[in-house]
Amino acid sequence: MNFTKMYGLGNDFILIDCREEEFGVRPEFNSGSEIGDLSRQLCHRRFGIGADQLLLLYPSKIADFKMRIFNADGSEVEMCGNGIRCLAKYIWDRNLSDKNTLHIETLAGIIRPEKAGEMVKVDMGEPILGVIDYPLQIKDTEFKITCVSMGNPHTIMVVDNLSNFPLPYYGPMIENHPIFPKRTNVEFIEVLNPAEIKMRVWERGSGETMACGTGASAAAVASNIKGFTGRKVTVHLRGGDLFIEWAEDNHVYMTGPAVEVFEGIIEN
13 MNFTKMYGLG
23 NDFILIDCRE
33 EEFGVRPEFN
43 SGSEIGDLSR
53 QLCHRRFGIG
63 ADQLLLLYPS
73 KIADFKMRIF
83 NADGSEVEMC
93 GNGIRCLAKY
103 IWDRNLSDKN
113 TLHIETLAGI
123 IRPEKAGEMV
133 KVDMGEPILG
143 VIDYPLQIKD
153 TEFKITCVSM
163 GNPHTIMVVD
173 NLSNFPLPYY
183 GPMIENHPIF
193 PKRTNVEFIE
203 VLNPAEIKMR
213 VWERGSGETM
223 ACGTGASAAA
233 VASNIKGFTG
243 RKVTVHLRGG
253 DLFIEWAEDN
263 HVYMTGPAVE
273 VFEGIIEN
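Numbering (my numbering), first residue to last: 13 to 280.
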């Protein structure tokens, strides 16, 4: 089984092209549980290849291609902003499509990545707004949470000093809090000025990662709603910068890089 290792701002992926691979047509590998088991095995950083998520590329009956995404814990998720940029780069680099804008089927709907020079710009769709500044008590700390869905759930909080914030302590408690029946992605942001924020992310099913595209999009929307920033924001993540615009058409546009690291073969 062939695979490609890729990353977007340090958020890393194992991509398997299932259009022709035996993996993609065997009935037992069309179930989420079987693929989840494979994802846990391959994404393990000591006993596997190592990655935050497994990306699967399929043909689609309603779009140019279809993408499925599995976390390192084996759970399937709706959408991944960094992942779809990597998938688009894989498609273009191998001349699988000559379109400058692709239509990718995901569990979050049809997502449209387009070429933007050396970057990939993605129409992330319209945000779905939840609660704003809802008080959530975690141990001895009360957070004011703002919830935004970008096809997957995000919970955003503003903190004063992001660098020293104990994210590994609070992240999993918020991710698994009973008010989130399907769990949630957790973003902590520090506002630098009306055009820039810093962000750290605790991803549902993966833990802290270097970057999260849907999370950066949700954080940009939340910071604008709360009056901290304008509609164009540079989001500084541990792995680098993403450029987010919440446009007047109510769509969120994310622009950032995608990198291929190496290719390999899984023998078993």
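The beta carbon of each residue, even a glycine, is placed where N, CA and C say it ideally should be.
Quick caveat: nothing in here was measured; it's all calculated off a predicted structure.
Contact check for T226 against C55 fails: the beta carbons are separated by 8 Å or more. Here K133 is buried, its C-beta having at least 16 other C-beta atoms within 10 Å. Of the candidates E220, I186, N176 and Y181, I186 places its Cα closest to the Cα of T158. Classified as buried, K101 has 16 or more neighbouring CB atoms from the shown chains inside 10 Å of its CB.
Beyond the five residues adjoining it in sequence on each side, T196 comes within less than 8 Å, by CB distance, of C159, P165, H166, T167, I186, E187, H189 and R216 in the same chain, given in chain order. Every beta strand (DSSP E) stretch that sits fully inside the segment 19-80 and reaches 3 residues is listed by chain position as 23-29 and 65-70.
Under the Cβ criterion (8 Å, minimum of three pairs), the segment 140-149 does not count as touching the segment 75-82. The alpha-carbon separation between T241 and P178 amounts to approximately 25 Å. Looking at the DSSP output, A128 bridges to M131. Under the 8 Å Cβ criterion, the segment 81-95 counts as touching the segment 46-54, having at least three qualifying pairs. Taking C-beta atoms as the reference points, M18 and E272 count as a pair closer than 8 Å.
Selection A63, P269 and L108 evaluated against E32 yields L108 as nearest (Cα-Cα). Contact check for I237 against V245 fails: the beta carbons are separated by 8 Å or more. Sorting A232, Y265 and E126 by C-alpha distance to the C-alpha of H248 places A232 at the top.
If the five residues before and after V171 are omitted, its C-beta is found closer than 7 Å to the C-beta atoms of F177, F200 and E202, all from its own chain and listed in chain order. Ranked by how close their Cα comes to the Cα of A207, the residues Y182, V198, S235 and F192 have S235 in first place. About 6 Å separates the CB atoms of L67 and M79; that is less than 8 Å, so the two are in contact. For N94, the secondary structure class from DSSP, reduced to helix, strand or coil, is helix. Cβ neighbours of T113 within its own chain (closer than 7 Å, five residues either side excluded): R124 and E126. Secondary structure note for S235: it is in no beta strand (DSSP E), and the uninterrupted alpha helix (DSSP H) holding it is G225 to I237. A direct Cα-Cα distance of roughly 9 Å separates K151 from Y182. If you ignore the 5 residues before and after G60, its C-beta comes within less than 7 Å of the C-beta of Q53 and L54, all in its own chain and listed in chain order. Between the C-alpha atoms of P71 and G251 there is a straight-line separation of about 31 Å. Within a 10 Å sphere around the beta-carbon of G276 sit fewer than 16 other beta-carbons, which makes this residue exposed. The beta carbon of P180 lies closer than 7 Å to those of E220 in the same chain, with the five residues before and after it left out. Rounded to whole angstroms, A259 and L21 show a C-alpha spacing of 23 Å. Within the same chain, Cβ atoms closer than 6 Å to the Cβ of A128 are found at T267, the five residues on either side in sequence being excluded. Per DSSP, N107 has no beta-bridge partner at all. Closest in C-alpha terms to C224, from the list M136, E279, D261 and G121, comes M136.
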